[in-house]
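For what it's worth, our numbering labels the leading residue of the sequence shown as 7, then goes sequentially.
Since the structure comes first, as structure tokens, the remarks are kept for the end.
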Amino acid sequence: PNAVIITDMRVRFSIQKSLDKTPNTCDIVIDNLAEFSRKALAKKPLGIFLDAGYDGELRRLFTGDVRYTSSVLRSPDWTTTLQCADGARAFAHARINRSYKKGTSILVPLRDAAKSMGLTLPDDLQVSVASRFGVGSPVHEDIALGITLDGPTRDELDRLLAPYGYTWSIQNGVLQILRDEDTKISGAFGTATVLTPANGLREAPELTGPSKPGEQPVLKCKCSLAAHLQPGGLIRVKSRSVDGNFKIHRVT
Numbered sequence: 007p008n009a010v011i012i013t014d015m016r017v018r019f020s021i022q023k024s025l026d027k028t029p030n031t032c033d034i035v036i037d038n039l040a041e042f043s044r045k046a047l048a049k050k051p052l053g054i055f056l057d058a059g060y061d062g063e064l065r066r067l068f069t070g071d072v073r074y075t076s077s078v079l080r081s082p083d084w085t086t087t088l089q090c091a092d093g094a095r096a097f098a099h100a101r102i103n104r105s106y107k108k109g110t111s112i113l114v115p116l117r118d119a120a121k122s123m124g125l126t127l128p129d130d131l132q133v134s135v136a137s138r139f140g141v142g143s144p145v146h147e148d149i150a151l152g153i154t155l156d157g158p159t160r161d162e163l164d165r166l167l168a169p170y171g172y173t174w175s176i177q178n179g180v181l182q183i184l185r186d187e188d189t190k191i192s193g194a195f196g197t198a199t200v201l202t203p204a205n206g207l208r209e210a211p212e213l214t215g216p217s218k219p220g221e222q223p224v225l226k227c228k229c230s231l232a233a234h235l236q237p238g239g240l241i242r243v244k245s246r247s248v249d250g251n252f253k254i255h256r257v258t
């Protein structure tokens, strides 16, 4: 009810998303906002949702906090610039101080950590954890001994997840938890989005070999705007030069 909705304006944006823990970023430039809107966007704290698309269909591209706002008059036009980050306040300031007794499911401290950051866990996390952490696994044994989380949540999440090969990132206000071999898209593990020249793949994909022994080859490709392509997702690229599955590590 207290949202300022901006539509039908000239809007330019640049979004950078990755599997890194540091927040994803989004820069937005809007031309000729009304004075009321310019003042509303200058207030902090302020959350933002960016939807974009084509053929009349909008999809959520970015969710985050506004870190910096400026409005400049370059006569006769006003230019408003927003610098945003996904989960910036949570990453910088969230702390947790909780202890868990033996027999506690790993989902309990994960939910508490997400709550301390003002974030949510993905709906399918409980299923994915159950399928990977069977009874008697090292995760259950460690939790059974009890654990205390005390400090910045970002550091305590590292300490909780690292022994089991998991990493975390913030994606559109959701705490995403994956292992190196995991992929995730649209709530389903192992579901690939197929990219071909017929459905949006632009230009020829660039496949480069591993930079170090033991690393995987890296693919760079361009496609039409596709909001559902997120870090951690799985894509199947089919072109004249490339045909294979790839995990998304970075999206621009």
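Heads up, the beta-carbon is just placed ideally off N, CA and C, and yes, glycines get one too.
Computed from a predicted structure; not experimentally measured.
Determine the direct distance from the alpha carbon of Pro29 to that of Gly93, and round the result to whole angstroms. Whole-angstrom Cα-Cα distance: 6 Å.
The beta strand (DSSP E) spanning Arg18 covers which residue range? Val17 to Ser24
Segment limits, beta strand (DSSP E) that includes Ala96: Element bounds for Ala96: not the beta strand (DSSP E) but the alpha helix (DSSP H), Ala94 to His99.
Apart from the five residues just before and just after Trp174, which ones in its own chain have a Cβ nearer than 7 Å to its Cβ? Cβ within range, chain order: Lys27, Leu163, Leu167, Leu181, Gln182 and Ile183.
Can the beta-carbon of Thr2 be found less than 9 Å from the beta-carbon of Thr75? Because the chain spans 7 through 258 in this model, residue 2 falls outside it and cannot be assessed.
With the cut-off set at 9 Å, would you say Pro216 and Ser245 are in Cβ contact? no
Across the segment 150-158 and the segment 104-123, are there enough close Cβ pairs to call them in contact, namely three or more that are closer than 8 Å? A contact exists between the segment 150-158 and the segment 104-123.
Can you check whether the CB of Val257 is closer than 9 Å to the CB of Gln89? no
What first and last residue would you give for the alpha helix (DSSP H) that runs through Arg114? Checking the sequence shown, residue 114 turns out to be Val, not Arg. From DSSP, the alpha helix (DSSP H) with Val114 extends over Leu113 to Ser122.
Sorted by chain position, which residues of the same chain lie with C-beta nearer than 6 Å to Val72's C-beta, five sequence neighbours on each side aside? Leu52, Ile54, Leu88 and Cys90
Assuming Asp249 is part of the beta strand (DSSP E), what are its boundary residues? Its beta strand (DSSP E) spans residues Asp249 to Lys253.
Starting from Asp164 and walking both ways along the alpha helix (DSSP H), at which residues does that stretch end? Segment Thr159 to Leu167, the alpha helix (DSSP H) holding Asp164.
With a threshold of 6 Å on Cβ separation, who are the neighbours of Ser20 within its own chain once the five nearest residues in sequence on each side are excluded? Asp33
Under three-state DSSP, which class holds Asn103? strand
Proximity to Gly59 [Cα-Cα], best of Leu25, Asp14, Pro237 and Val78: Asp14
Would you identify the three-state DSSP class for Ala210, choosing helix, strand or coil? strand
Taking C-alpha atoms, which residue in Arg44, Pro115, Tyr172 and Asp118 lies nearest to Trp5? The question about residue 5 has no answer, for the chain in this structure spans 7 to 258.
Using alpha carbons as the reference points, say which of Arg101, Leu201, Arg18 and Ala46 lies closest to Val10. Ala46
Between Lys253 and Leu240, which are expected to be in contact by the criterion C-beta below 8 Å, what is the C-beta distance as a whole number of angstroms? 6 Å
Between Leu207 and Leu201, how many whole angstroms is the CB-CB distance? I'm expecting something under 8 Å. The Cβ separation is near 5 Å, so the contact holds.
As a quick exercise: from Leu231, Leu116 and Phe42, pick the residue whose alpha carbon is nearest that of Asp57. Leu231
With which residues is Ser175 paired in a DSSP beta bridge? Gln182
Relative to the C-alpha of Lys228, which candidate in Gly238, Glu63, Pro219 and Pro203 has its C-alpha closest? Pro203
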